[in-house]
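Number of protein chains: 2
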Amino acid sequence: MKRKKPTIHDVAAKAGVGLGTVSRVLNDHPAVRPETRARVLRAMEELGYAPNPHARRIAGGRSYTVSVLLPFVATEFYRRLVEGIEGVLLEQRYDLALFPILSLARLKRYLENTTLAYLTDGLILASYDLTERFEEGRLPTERPVVLVDAQNPRYDSVYLDNRLGGRLAGAYLARFPGPIFAITVEEEPDRAFSRTVFAERMAGFQEALKEAGRPFSPDRLYTTRHSQEGGRLALRHFLEKASPPLNVFAGADQVALGVLEEAVRLGLTPGRDVRVLGFDGHPFAEEVGLSTIAQPVEAMGARAAQLLLERMRGYQGPPREVRFEPVLVERASTGTPPAALYVP
Amino acid sequence: MKRKKPTIHDVAAKAGVGLGTVSRVLNDHPAVRPETRARVLRAMEELGYAPNPHARRIAGGRSYTVSVLLPFVATEFYRRLVEGIEGVLLEQRYDLALFPILSLARLKRYLENTTLAYLTDGLILASYDLTERFEEGRLPTERPVVLVDAQNPRYDSVYLDNRLGGRLAGAYLARFPGPIFAITVEEEPDRAFSRTVFAERMAGFQEALKEAGRPFSPDRLYTTRHSQEGGRLALRHFLEKASPPLNVFAGADQVALGVLEEAVRLGLTPGRDVRVLGFDGHPFAEEVGLSTIAQPVEAMGARAAQLLLERMRGYQGPPREVRFEPVLVERASTGTPPAALYVP
DNA sequence: AAGTTTCCGTGAACCGCTTCCACCCGAGGG
DNA sequence: CCCTCGGGTGGAAGCGGTTCACGGAAACTT
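Line order of the protein sequences matches chains A and B. Here the UniProt record's numbering is used: position 180 in the first sequence is 180, and no number is missing along the way. Here the UniProt record's numbering is used: position 25 in the second sequence is 25, and no number is missing along the way.
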């Protein structure tokens, strides 16, 4: 005896109101007396009613769902980003569907086809600026689009000033004695998509170092993938070139974590023998006392969601760019910085 | 002047037939004369018509979309798996939506809420046997469910015999002279979900080794994450314990790749100084000449999709278990195996 | 007190599709 | 030659919502 899902009719009957009224409650329409609204809401509650998004889509042209296209990369960054996006969306009774981009072929299907993904009300593109893969640099969709963790003149975009982050890192590490090394992250080679965030971080880093009178030589840069083990290999590599104390800037917290891990394993003291500065400001950085250039990932996600909501509600203005700034967070992994600038 | 999307009415008008006929063509109903069908199909083609899945869902109770819930882990495995699933589904005019499980909270939302995921016609759960997280060991859904890369008595499941794979690896490496090492993969600790595939592989491996009279001591097992760099660290670690030639079984191709990489970097010759055997049989293994225990990932995905299709079409039988067997693929990374068994 | 507004609410029409019943027509049977 | 029978087809009804024209009652107007 399985009961069918309750519909709007059931709710209307139970609350003793008309269909239209229930619908209005559902859509936050103002013309409903508070007590009526309450009655309807209670009926919904009791019936365990939830509107059918397909029906809403079909009838109203809106599905109350947005698609988030994101790289298929399991990092804390995307977890935080989605959390930020979701926070805002849920509050507005919107749902979100994630579309991991496993391959270029998948992406094309997402966009060219009339799949469910494509029938949502808006699109958030994370990290990849995929626009150039399409004609005229525009995605083949008529729905609003917002980019996050990427910049593009044609669409609203929310991004972090990675160069500034790199500069903060450079200026900070320049104050310490000892050689300075850096680790940058390379994407998987088979990914056709290019990203520039890590390159920007390193550029800013070297810039600041140079300005501080401590130019950075390329052989002190180690490139690896976005893994903890990469950081461990990097530290070993550095230790072959110089002896402690040394300073390491890692382009990503996860990699920095590997550096810390390996330092401890080798009997070195983080913050003294090896000073490590990460980039991201992920929760785990705090747990392990990792100094880092923190980026407000959740806030960026939330902002992107807001921009998209505005567009979905009809805003037609020119593309907006929202720039976020990272901040330096000092913790134990860099020890106590010298009061004065270090002069080599 | 943006044209609206064509609907079934437009197609009907253009083809000079009734609505019902177009719908029948759409659903492969047999009662349509071939020439009529052709005319309708041509009209669709010319109009660029694609049926609206929301409308189909609402009207017929079917949306022609299935959800795939999978771990948010960027590995070749899932790329292949999805490819296998998709191949079968597309053929049957089904669409698929991916739902990456970023966190436990997300999973709950996918299942408990009335989100899009939940409104598709069927569910494929990859890798995680999530059933035990719910009451009575059943997912809170009435749609058919198929597990892949996991086993469960309550649902149809498609899985690889990982223990057998490990045994194959053990039996094979036991034939070579020189010490035998192994690398296993550990999942991210914060993931609440447990997986046993790697443990099973290692169990089988040790079993076979023991049977071959070459028992494996635990200190020859290195644990790392699923990264290439992990393989590199492992090899370094092994080289501190023994000198070449040595034999390495890596629980995953990607890790094996790191071993090869590091071997070359250290001036060792794969297949002679270091014999490496991976697990997965991913395309890149062939490119680099990596011997491996190959699993038919695409076929597993395809099979899972077939099982699901049967269920969606009404099959009510008891849960089915489909077991796949891995096979050993010999390539250059293990060199030429001795004709006779090696006797220590 | 009667006419206006404003506020709430109602339910028919409709969104794009599936389903099912009615209907047409030609072939086979008596 | 009339009657079935059944394949092929058309279109109304309905899926679960949104929207909108419309109406009743209360609140303001003169």
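Even glycine gets a Cβ: it sits at the ideal position worked out from N, Cα and C. Remember, it's a predicted structure, so these values are computed and weren't measured experimentally.
Using DSSP's beta-bridge definition, name the partner residues of residue i.
{"i": "T292 (chain B)", "result": "B:G278, B:V329"}
{"i": "E321 (chain B)", "result": "B:S157"}
{"i": "L98 (chain B)", "result": "B:V68"}
Nearest to residue i by CA position, among the options, is which residue?
{"i": "R175 (chain B)", "options": "B:R275, B:V322, B:R37, B:E262", "result": "B:R275"}
{"i": "R323 (chain B)", "options": "B:Y172, B:A212, B:R163", "result": "B:R163"}
{"i": "R214 (chain A)", "options": "A:I180, A:Y128, A:P244", "result": "A:I180"}
{"i": "H54 (chain A)", "options": "B:T196, B:E330, B:R62", "result": "B:R62"}
{"i": "N52 (chain A)", "options": "A:P6, A:E187, A:E240, A:L69", "result": "A:P6"}
{"i": "A242 (chain B)", "options": "B:G251, B:T224, B:R220", "result": "B:R220"}
{"i": "E136 (chain A)", "options": "A:Y155, A:Y128, A:L123, A:L119", "result": "A:Y155"}
{"i": "Y128 (chain A)", "options": "A:L119, A:Q151, A:R106, A:S23", "result": "A:Q151"}
{"i": "T36 (chain A)", "options": "A:T21, A:D28, A:N27", "result": "A:T21"}
{"i": "V297 (chain A)", "options": "A:G48, A:R42, A:D161", "result": "A:D161"}
{"i": "D253 (chain A)", "options": "A:V158, A:F77, A:L209, A:I101", "result": "A:F77"}
{"i": "G84 (chain A)", "options": "A:T224, A:A43, A:A305", "result": "A:A305"}
{"i": "F287 (chain A)", "options": "A:A43, A:V329, A:L90, A:V158", "result": "The displayed chain sequence assigns Glu, not Phe, to residue 287 (chain A). Of the listed residues, the one whose Cα sits closest to E287 (chain A) is A:V329."}
{"i": "A182 (chain B)", "options": "B:F205, B:V197, B:Y172", "result": "B:F205"}
{"i": "T336 (chain A)", "options": "A:Q92, A:Y315, A:A212, A:P177", "result": "A:P177"}
{"i": "L26 (chain A)", "options": "A:Q92, A:A199, A:R320", "result": "A:Q92"}
{"i": "S67 (chain A)", "options": "B:L47, B:L90, B:P100, B:R80", "result": "B:P100"}
{"i": "F216 (chain A)", "options": "A:E45, A:H226, A:A171, A:F134", "result": "A:A171"}
{"i": "E321 (chain B)", "options": "B:R236, B:A199, B:A50, B:S157", "result": "B:S157"}
Check whether the Cβ atoms of residue i and residue j sit closer than 8 Å, and answer yes or no.
{"i": "T65 (chain A)", "j": "A97 (chain A)", "result": "yes"}
{"i": "Y222 (chain A)", "j": "A234 (chain A)", "result": "yes"}
{"i": "R138 (chain A)", "j": "D121 (chain A)", "result": "no"}
{"i": "A169 (chain B)", "j": "I8 (chain B)", "result": "no"}
{"i": "F238 (chain A)", "j": "L257 (chain A)", "result": "no"}
{"i": "V255 (chain A)", "j": "Q228 (chain A)", "result": "yes"}
{"i": "R39 (chain B)", "j": "A15 (chain B)", "result": "yes"}
{"i": "P244 (chain A)", "j": "A332 (chain A)", "result": "no"}
{"i": "G281 (chain B)", "j": "V185 (chain B)", "result": "no"}
{"i": "G165 (chain B)", "j": "P326 (chain B)", "result": "yes"}
{"i": "M300 (chain B)", "j": "V146 (chain B)", "result": "no"}
{"i": "L308 (chain A)", "j": "I124 (chain A)", "result": "yes"}
{"i": "A302 (chain A)", "j": "V17 (chain A)", "result": "no"}
{"i": "L290 (chain B)", "j": "L266 (chain B)", "result": "no"}
{"i": "G231 (chain B)", "j": "E262 (chain B)", "result": "yes"}
{"i": "L277 (chain A)", "j": "T224 (chain A)", "result": "no"}
{"i": "E207 (chain A)", "j": "R272 (chain A)", "result": "no"}
{"i": "R201 (chain A)", "j": "F279 (chain A)", "result": "yes"}
{"i": "A105 (chain B)", "j": "L69 (chain B)", "result": "no"}
{"i": "L47 (chain A)", "j": "D95 (chain A)", "result": "no"}
{"i": "L19 (chain B)", "j": "R57 (chain B)", "result": "no"}
{"i": "P319 (chain A)", "j": "P218 (chain A)", "result": "no"}
The beta strand (DSSP E) that contains residue i, what's its start and end?
{"i": "G122 (chain A)", "result": "122–126"}
{"i": "residue 345 (chain A)", "result": "One cannot answer for residue 345 (chain A) here, as it falls past the ends of chain A, which runs 1 to 344."}
{"i": "T65 (chain B)", "result": "65–71"}
{"i": "L268 (chain A)", "result": "Taken as a continuous stretch (DSSP letters only), L268 (chain A) belongs to no beta strand (DSSP E), as it is neither H nor E."}
{"i": "L147 (chain B)", "result": "145–148"}
What is the residue span of the alpha helix (DSSP H) that residue i lies within?
{"i": "A182 (chain B)", "result": "From DSSP, A182 (chain B) is part of no alpha helix (DSSP H) but of the beta strand (DSSP E) over 180–185."}
{"i": "A299 (chain A)", "result": "297–312"}
{"i": "P283 (chain B)", "result": "283–287"}
{"i": "A169 (chain A)", "result": "162–173"}
{"i": "L89 (chain B)", "result": "76–91"}
Fully enclosed by the UniProt domain "HTH lacI-type" (6–60) of chain A, which alpha helix (DSSP H) runs are 4 residues long or longer? 8–15, 19–26, 34–47, 53–60
Alpha helix (DSSP H) segments (min. 4 residues) lying fully within the segment 217–257 of chain A: Annotation note: the segment 217–257 of chain A contains the following uninterrupted alpha helix (DSSP H) runs of length 4 or greater, listed N- to C-terminal: 228–241.
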